[in-house]
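Heads up, the thing below is written out as structure tokens.
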Ligand code: ADP
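In the numbering used here, the protein residues as written are 1 to 258.
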């Protein structure tokens with residue numbers, strides 16, 4: 001079943017066409033990656049989906065409904081977002097930030113009940129953050145903040161995640177942990193991913209953006225070929241199917257004589 005359909009989406013900032021004729025779909029349970037060089041439009045596409053930006057034209061539907069006609073609450077019950085800007089401007093405890101994920105499930109003045117507290121605690125526990133529940137969010141590291149925001153989206157209990165480079169700032173063990181975790185959740189996800197080897201390991205399908213347009217799409221082994229990577233990123237590499245993972249493993253080559 002197809003869950004998200006982006007049909008011919010266009011968006012420009014004042015003088016930059018940042019997303020042009022974007023057509024993309026995500027099926028139920030799929031983990032789809034958006035890759036491309038810096039400035040190619042990955043964040044812009046995602047922001048148009050989580051309504052931080054409004055498309056100039058085009059249509060986005062989620063489970064058959066036009067995304068832009070859903071109420072904020074209806075959208076938040078389905079769609080969780082981990083964006084790139086992870087600075088929360090006020091003084092909150094870690095557990096309070098995660099508890100914000102519960103708000104789509106509640107009425108305006110409802111207080112957190114035992115079920116909410118259980119979910120918040122477990123979300124933090126899953127990410128190895130339970131011992132930080134009472135810490136001030138502003139006083140933890142960038143990587144820890146990122147994990148708190150993933151815990152918040154898990155507490156939201158939605159089944160479609162939009163992730164904008166969710167493992168930025170994280171060391172390799174947490175990068176693997178976050179992607180493993182999202183895969184285990186079995187939710188549907190569309191994620192901008194910076195690291196091509198991570199994209200190769202975790203994505204069912206990949207869309208490649210270059211200068212605001214989708215230039216390639218397919219399974220990791222179809223997309224992440226040395227020729228395509230040279231065309232899109234201008235770097236040479238060697239790609240092999242790894243004997244253990246069965247996925248492409250990319251080794252980048254220095255621009256010298258190799
Ligand atoms: P990516 O996420 O792939 O790095 P972005 O979506 O952030 O790319 O950027 C796409 C293009 O839009 C770039 O040329 C970038 O400079 C431009 N851009 C991004 N944000 C803004 C903004 N707020 N105002 C003007 N131009 C922007």
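Yeah, the Cβ is synthetic: ideal placement off N, Cα and C, and Gly gets one too.
Just so we're clear, the structure is a prediction, and the values are computed from it rather than from any experiment.
query	result
For residue 1, count neighbouring C-beta atoms within 10 Å of its own C-beta (all shown protein chains included) and say buried if the count is 16 or more, exposed if not.	exposed
Let's see if you can read the secondary structure: which residues bound the alpha helix (DSSP H) around residue 180?	172 to 185
So, using beta-carbon positions, are residue 146 and residue 101 closer together than 7 angstroms?	no
Hey, how far is the Cα of residue 37 from the Cα of residue 125?	34 angstroms
If you count every other CB in all the chains shown that lies within 10 Å of the CB of residue 202, and 16 or more means buried, which is it?	buried
Taking the CB atoms as reference points, tell me whether residue 44 and residue 74 lie closer together than 7 angstroms.	no
Check this for me: beta carbons of residue 178 and residue 35, under 7 angstroms apart or not?	no
For a quick check, are the C-beta atoms of residue 165 and residue 84 less than 7 angstroms apart?	yes
For residue 115 and residue 106, I'd like the C-alpha separation in whole angstroms.	12 angstroms
Regarding residue 210 and ligand 3, is the C-beta to nearest heavy atom distance less than 6 angstroms?	As presented, the structure is devoid of ligand 3, carrying ligand 1 as its sole ligands.
Quick one: is the Cβ of residue 42 within less than 6 angstroms of any heavy atom of ligand 1?	yes
For a test of your reading of the model: does the CB of residue 38 fall under 6 angstroms from any non-hydrogen atom of ligand 1? Yes or no.	yes
Reducing DSSP to helix, strand and coil, say where residue 116 ends up.	helix
Determine the direct distance from the alpha carbon of residue 99 to that of residue 3, and round the result to whole angstroms.	27 angstroms
Let me know the secondary structure DSSP gives residue 28 once reduced to three states.	coil
Using only the alpha-carbon positions, how far apart do residue 210 and residue 21 sit?	12 angstroms
If you check the beta carbons only, do residue 33 and residue 206 fall under 7 angstroms apart?	yes
Where does residue 47 fall in DSSP's three states?	helix
For residue 5, which of 96, 243 and 63 has the nearest alpha-carbon?	63
Considering only DSSP beta bridges, list what residue 4 is partnered with.	26 and 62
Would you mind sorting residue 173 into buried or exposed? The rule is 16 or more other CB atoms within 10 Å of its CB.	exposed
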